[in-house]
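Under UniProt numbering, think of the first position of the sequence shown as 1, with each following residue one higher.
The C-beta atom is built at its ideal place from N, Cα and C for all residues, glycine as well.
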Amino acid sequence: MLEHFSDSGFAGQLQANSVVLADFSATWCGPCRALTPVIEQIAADYAGKVLVGKIDVDDCPELAEKYAIMSVPTVMIFKDGQLVQKIVGVSPREAYTSVLDSLV
1 MLEHFSDSGF AGQLQANSVV LADFSATWCG PCRALTPVIE QIAADYAGKV
51 LVGKIDVDDC PELAEKYAIM SVPTVMIFKD GQLVQKIVGV SPREAYTSVL
101 DSLV
C-alpha cells in the first residue's frame, strides 16, 4: 500500500522501517503523474518488505528543503534511515527495483 508521508511523521517512518522508498512529487507535475503507477506497483510488489510512499513537496516544504529537492519527481531510497540512492526524474521501473532488490 502506498503511504503519504508528512513533515512530522517521516523521521519516524525512517526509523520504524528498514527500507523506505520516498517519491517526492507534486500534483501539478506531469512527469510525477506518469511515475505514480510505477510507484504504486512497486508498493504492491514490495509490500511487507519496503515502505513505499509519496511526499507532496507543496504540502511538505520542510522535507523538500531538508533533502534539497530541486526537481520533481525525485525518488529517494533509504536503508536503516540512511539515504542510499537518489533518482531525479522519471526512470524505468528497474532503476528502482534493482536498488530495492539489493537492500531487501
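Rounded to whole angstroms, what's the CA-CA distance from residue i to residue j? Just pull it up for me.
i	j	result
Ile55	Ser102	23 angstroms
Met76	Gln82	10 angstroms
Cys60	Ser91	23 angstroms
Thr74	Lys86	7 angstroms
Thr36	Ser98	18 angstroms
Asp45	Gly12	23 angstroms
Gly48	Ser6	20 angstroms
Ala22	Lys66	13 angstroms
Val84	Phe78	5 angstroms
Kindly list the residues whose CB is nearer than 6 angstroms to the CB of residue i, restricted to its own chain and excluding five residues on each side of it in sequence; keep chain order.
i	result
Asp58	Ala26
Leu14	Val20, Phe78, Gly81
Would you grab the beta carbon distance between residue i and residue j for me? Rounded to a whole angstrom, and I think it's under 8 angstroms.
i	j	result
Glu40	Leu2	5 angstroms
Asn17	Leu51	4 angstroms
Tell me which residue opens and which closes the beta strand (DSSP E) that residue i is part of.
i	result
Ala22	19 to 25
Excluding five sequence neighbours on each side, which residues of the same chain lie with their C-beta closer than 8 angstroms to the C-beta of residue i?
i	result
Ser71	Val88, Gly89
Pro31	Val72, Pro73, Gly89, Val90
Just to confirm my understanding: we take residue i, look at its own chain, exclude 5 residues before and 5 after, and list those with CB closer than 7 angstroms. What are they?
i	result
His4	Gly53, Lys54
residue 168	Residue 168 lies beyond the range of the chain shown here (1 to 104); nothing can be said about it.
Quick check for students: name the residue ranges of the beta strand (DSSP E) that lie wholly in the UniProt domain "Thioredoxin" (1 to 104), counting only runs of 3 or more. Runs found: 19 to 25, 51 to 56, 74 to 79, 82 to 88.
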